[in-house]
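Residue 68 in this note's numbering sits at position 63 of the sequence shown; the count goes up by one each step and never skips.
Where is the CB? At the ideal position from N, CA and C, for every residue including glycine.
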Amino acid sequence: MTASLKNYKLVYLWYFVINISLSIGLILIQYLNLDMPKLKNWFEIGICTFGICMLLSLWSSAFIATSSYMGKYIIDSKITKSFTFALIILDGLTLYYVSFGHYDFLKPCVACLIIWILGFGCSIFLNKRFIIWNNQ
6 MTASLKNYKL
16 VYLWYFVINI
26 SLSIGLILIQ
36 YLNLDMPKLK
46 NWFEIGICTF
56 GICMLLSLWS
66 SAFIATSSYM
76 GKYIIDSKIT
86 KSFTFALIIL
96 DGLTLYYVSF
106 GHYDFLKPCV
116 ACLIIWILGF
126 GCSIFLNKRF
136 IIWNNQ
């Protein structure tokens, strides 16, 4: 197994973008007490769907950058898996908060969301090992 098999294609980052956008939207709908049950339901379904797809994609060969991958960039597998599992925990917090309406979960949910976004942003822009130049 070569080093390139351990990395993921850059397109996997869109899972993060879509999932975190759905989480932010769902928290805003719940916090602002907006009467949008259909949109809220779609956001909940989207979070569950993308969360499951993210987990399954970690072990499928669809996003693994093989030696034939011609993209310019690849992303590190350890950091990607860490962010994926942290996002799944955040999604669980978000869905629990929204489903049961416990406002005690609002502050931890928003705090985890902000910490995740800051950590993800710092990893993208400051960590030279997260997004790697593919010199194939």
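Residue(s) in a DSSP beta bridge with residue i
i    : result
Y17  : Y17 pairs with nothing; no bridge assigned.
I137 : I79
Inter-residue Cα distance where the pair is residue i and residue j
i    : j    : result
S26  : S72  : 32 Å
N139 : C53  : 32 Å
S28  : M75  : 32 Å
I137 : L61  : 23 Å
L111 : D40  : 18 Å
W121 : P42  : 27 Å
E49  : Q35  : 11 Å
F68  : G30  : 27 Å
F125 : L131 : 10 Å
I84  : S104 : 30 Å
S82  : I32  : 29 Å
C114 : G56  : 16 Å
N24  : G97  : 12 Å
C58  : G51  : 10 Å
L95  : L15  : 22 Å
A116 : I93  : 15 Å
L37  : Y17  : 31 Å
Reduced DSSP category for residue i - H, G, I as helix; E, B as strand; rest coil
i   : result
L39 : coil
N24 : helix
N12 : coil
Residues of its chain near residue i, where Cβ-Cβ distance is below 7 Å and the 5 sequence neighbours each way are ignored
i    : result
K86  : L63
F135 : I80, D81, I84, S128, I129
Close beta carbons around residue i, own chain, < 6 Å, minus the five adjacent residues each side
i    : result
I79  : N12, A70, I137, N139
I119 : none
Close beta carbons around residue i, own chain, < 8 Å, minus the five adjacent residues each side
i    : result
Y101 : H107, F110
F88  : F21, W121, G124, F125, S128
Worksheet item: Which parts of the region 51-132 are runs of the beta strand (DSSP E), unbroken and 3 residues or longer, counting only runs that do not cross its ends?
Response: 78-80
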